[in-house]
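One structure is given below, encoded as structure tokens.
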Amino acid sequence: MKLPAPALAGLVAVTVASPAPTNAAAVATVKYKNDATHTYKCDSGTIVLSCVRSGTCSFVEKCTDKCIVDTQGAGCTGAAVAVEESHIVGRAANYLNNEAVSYHCDRDQYIIACPAPPNGCAAMVECLVKCIENKLGAECADQKRAVAASTDVGPASLPQTGSDEMITNDLDAKGRKKRYECSDDRTGVLVCQYGFCQTDHYCKRGTSCYSRCNCCKKSNLASRGLTQSDHDEAPQPITGSDLPVAVFENSVGVAHGLPKTLNAVGRESSELSLSAREPKCQPGHYRCQYHRATNSGYIVVCGQDGIWHASADCGSNMRCLEFPAGVAHCWPLETLKAAREETRDLSTPVDVVPCQAGHYKCFRHPETKTSWIIACDGKTWHYSADCGPNQKCAVYPPSGGVAHCLPL
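According to mature numbering (1 follows the signal peptide of the UniProt record, and there is no 0), the stretch in the sequence shown is residues -24 to -1, 1 to 384, in order.
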């Protein structure tokens, strides 16, 4: 079976061949079974690959004899060669591109969503191991180790370390390299030597093991800006856009946010409890959350982990509105106030006639010094809404008679 064209984008290109098993004995040696997430294949006759539904394939192991494949999966006819750094795609985030938004990787650490046309990107999820991007979208890769055996020691006999402690690989007295890596469930750090792994220490509550440092850390997505790395390096913009407005789109709607500062997308204050309202949520949905420290509304997004994460701060001059279900917006307070005011005739002669009932246009008010949306009742233009000091009025489409308040 051939892989689709975008299957290996961003990875080392391989040509997948699927040789049929030569005999019944070979079929019996298949050890990697296909499931709902993974399909195992052979490459070059000696390499086992794991492929996910999106088409991305990753190395599993190299066979000393040969790789065989059948309808159940693939495996080696001889002993497998353990590889220290081998990865397969596991719990894939499966963020697939569509006409409204495309998904990309930021420094191999975050999956970010970028709307079309580009107007700022939003952090969706932080990958524990690595972010993989291809032509179909982006997903998080998991890690699988090939070791001879592993021994878990109970937590009662092992010390716990701080969440920011870095583990330094060292050499034992015989010069055999000792290495550290994360356990499969990411609840602790393993020490591996001579082909065996055992628990070195467990992570404290609220932390997980990260493969970038093989250490226990808190999630970085909610605790800091997207541009800040694990080290004290200078921050870099996540996109080339200087627009201070973040736009987030998904299959259920669109959310607009006005962050207080640039590159603030994805941040969360320690006082903002995003999971307090409900233990689990539907990934890709948005809602509003009040932040008492900043006295402002936040747009929060449900990540692939089923937990709410901060997405954008609406600021002091905007409020967060939820409509429809699963969609949140930052809306100007001035516009909401103006919409409730009684309409009055517009006295400027040039804007009185002619006009078509039900049409809207923009007008710069000489008193408020702000842009207004005005509506025609068939004879006279009337005030409809004040866009406020941080918004501008725009007619779109140009000949459609429809006006909008847009961020400056």
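Built from N, CA and C at the ideal position, the CB exists for glycine as well.
Task: Span of the beta strand (DSSP E), counted from its first residue to its last, around LYS154 - done: Along the sequence shown, one-based indexing puts residue 154 at 178. Where LYS154 is concerned, there is no enclosing beta strand (DSSP E), given that its DSSP letter is neither H nor E.
Open item on the list: Quick check: the Cα distance between TYR79 and CYS179, rounded to an integer number of angstroms?
Closed with: Taking the first residue of the sequence shown as position 1, residue 79 is located at position 103. Taking the first residue of the sequence shown as position 1, residue 179 is located at position 203. TYR79 and CYS179: Cα-Cα distance of roughly 31 Å.
Task: Three-state secondary structure (DSSP) of ALA286 - done: One-based indexing of the sequence shown puts residue 286 at position 310. In the structure shown, ALA286 falls within a strand segment according to DSSP collapsed to helix, strand and coil.
- [ ] Using a threshold of 7 Å, state whether the C-beta atoms of THR22 and LYS42 are closer than that.
- [x] Here residue 22 corresponds to residue number 46 of the sequence shown, with the count starting at 1. Here residue 42 corresponds to residue number 66 of the sequence shown, with the count starting at 1. Yes, these two residues count as a Cβ contact at 7 Å.
Open item on the list: What residue range does the beta strand (DSSP E) around CYS264 cover?
Closed with: If you number the sequence shown from 1, residue 264 lands on position 288. Unbroken beta strand (DSSP E) run through CYS264: 262 to 267.
TODO: Pull up the distance between the alpha-carbon of GLY377 and that of ILE349, whole angstroms please.
DONE: Position 401 of the sequence shown, counted from the start, is the residue given in the question as residue 377. Position 373 of the sequence shown, counted from the start, is the residue given in the question as residue 349. Using only the alpha carbons, I get a separation of about 11 Å.
Task: Local conformation of ARG162 per DSSP, three classes - done: For this step, residue 162 is matched to residue 186 along the sequence shown. Three-state DSSP puts ARG162 in coil, outside helix and strand.
- [ ] May I ask which residues mark the beginning and end of the beta strand (DSSP E) holding LEU382?
- [x] In the sequence shown, residue 382 corresponds to position 406, counting from 1. Counted as a single uninterrupted DSSP element, the beta strand (DSSP E) harbouring LEU382 occupies residues 379 to 383.
TODO: Can you tell me which of the three DSSP states THR175 falls into?
DONE: Residue 175 sits at position 199 when you count from the first residue of the sequence shown. DSSP places THR175 in strand when its eight states are reduced to three.
Open item on the list: Can you give me the C-alpha to C-alpha distance between ASP161 and TYR359, rounded to a whole angstrom?
Closed with: The sequence position of residue 161 within the sequence shown is 185, counting from 1. The sequence position of residue 359 within the sequence shown is 383, counting from 1. So the alpha carbons of these two residues sit roughly 60 Å apart.
Open item on the list: Going by beta-carbon coordinates alone, are CYS107 and ALA114 separated by less than 7 Å?
Closed with: On the sequence shown, position 131 is the one that residue 107 refers to. On the sequence shown, position 138 is the one that residue 114 refers to. Yes. Within cutoff.
TODO: Figure out for me which residue from GLU343, GLY354, THR40 and THR344 has the closest Cα to the Cα of ALA333.
DONE: In the sequence shown, the residue the question calls residue 333 occupies position 357. Of the candidates GLU343, GLY354, THR40 and THR344, the one whose C-alpha sits nearest the C-alpha of ALA333 is GLY354.
- [ ] Please classify ARG181: does DSSP put it in a helix, a strand, or coil?
- [x] Residue 181 sits at position 205 when you count from the first residue of the sequence shown. If DSSP states are grouped into helix, strand and coil, ARG181 belongs with coil.
Open item on the list: Taking only three categories from DSSP, how would you classify ALA231?
Closed with: Position 255 of the sequence shown holds residue 231. With a pLDDT of 42 at ALA231, under the threshold of 50, the modelled position of this residue cannot be trusted, and the question is left open.
Open item on the list: Let's test the definition: count the other Cβ atoms within 10 Å of the Cβ of SER347 and tell me whether it reaches 16, buried, or not, exposed.
Closed with: Here the question's residue 347 lines up with position 371 in the sequence shown. It is buried - the Cβ of SER347 has at least 16 other Cβ atoms within 10 Å.
Task: Simplified DSSP state of ASP82, which is helix, strand or coil - done: Here residue 82 corresponds to residue number 106 of the sequence shown, with the count starting at 1. Secondary structure of ASP82 (DSSP, three-state): strand.
Open item on the list: Using only CA atoms, which one of VAL167, GLY282, CYS189 and GLN367 lies nearest to LYS345?
Closed with: On the sequence shown, residue 345 is found 369 positions in, with the first residue counted as 1. In this structure, GLN367 is the residue among VAL167, GLY282, CYS189 and GLN367 with its C-alpha nearest to the C-alpha of LYS345.
- [ ] Check whether the Cβ atoms of TYR71 and ILE87 lie closer than 7 Å to each other.
- [x] By 1-based counting over the sequence shown, the position of residue 71 is 95. By 1-based counting over the sequence shown, the position of residue 87 is 111. A contact, by the Cβ cut-off of 7 Å.
Task: Opposing strand residues paired with GLY51 [DSSP bridges] - done: The residue you call residue 51 lines up with position 75 of the sequence shown. Under DSSP, GLY51 shares a beta bridge with ILE44.
- [ ] Let me know the secondary structure DSSP gives GLU75 once reduced to three states.
- [x] Indexing the sequence shown from 1 puts residue 75 at position 99. Coil at GLU75, not helix or strand.
TODO: With a 10 Å radius around its C-beta and 16 neighbouring C-beta atoms as the bar for buried, classify GLY282 as buried or exposed.
DONE: Position 306 of the sequence shown, counted from the start, is the residue given in the question as residue 282. Classification for GLY282: exposed.
Task: Closest Cα partner of ARG83 within the set ALA76, GLU75, CYS103 and CYS90 - done: Translated into positions along the sequence shown, residue 83 becomes position 107. Per the Cα distances, CYS103.
TODO: Compare the C-alpha of GLY291 against each of TRP357, VAL167 and GLN265 and name the closest.
DONE: Indexing the sequence shown from 1 puts residue 291 at position 315. Of the listed residues, the one whose Cα sits closest to GLY291 is GLN265.
Task: Inter-residue spacing [alpha-carbon to alpha-carbon] between CYS173 and LYS153 - done: In the sequence shown, residue 173 corresponds to position 197, counting from 1. In the sequence shown, residue 153 corresponds to position 177, counting from 1. When rounded, the distance between both Cα atoms is 13 Å.
Open item on the list: Report the CB separation of CYS381 from ALA351 in whole angstroms; it is logged as a contact under 8 Å.
Closed with: The residue labelled residue 381 in the question sits at position 405 within the sequence shown. The residue labelled residue 351 in the question sits at position 375 within the sequence shown. Contact doesn't hold; Cβ gap of about 13 Å is too wide.
- [ ] Could you round the C-beta distance between CYS27 and CYS33 to whole angstroms and report it? I think they count as a contact, below 8 Å.
- [x] What you label residue 27 is simply residue 51 of the sequence shown in a count that begins at 1. What you label residue 33 is simply residue 57 of the sequence shown in a count that begins at 1. Correct: roughly 4 Å between the Cβ atoms.
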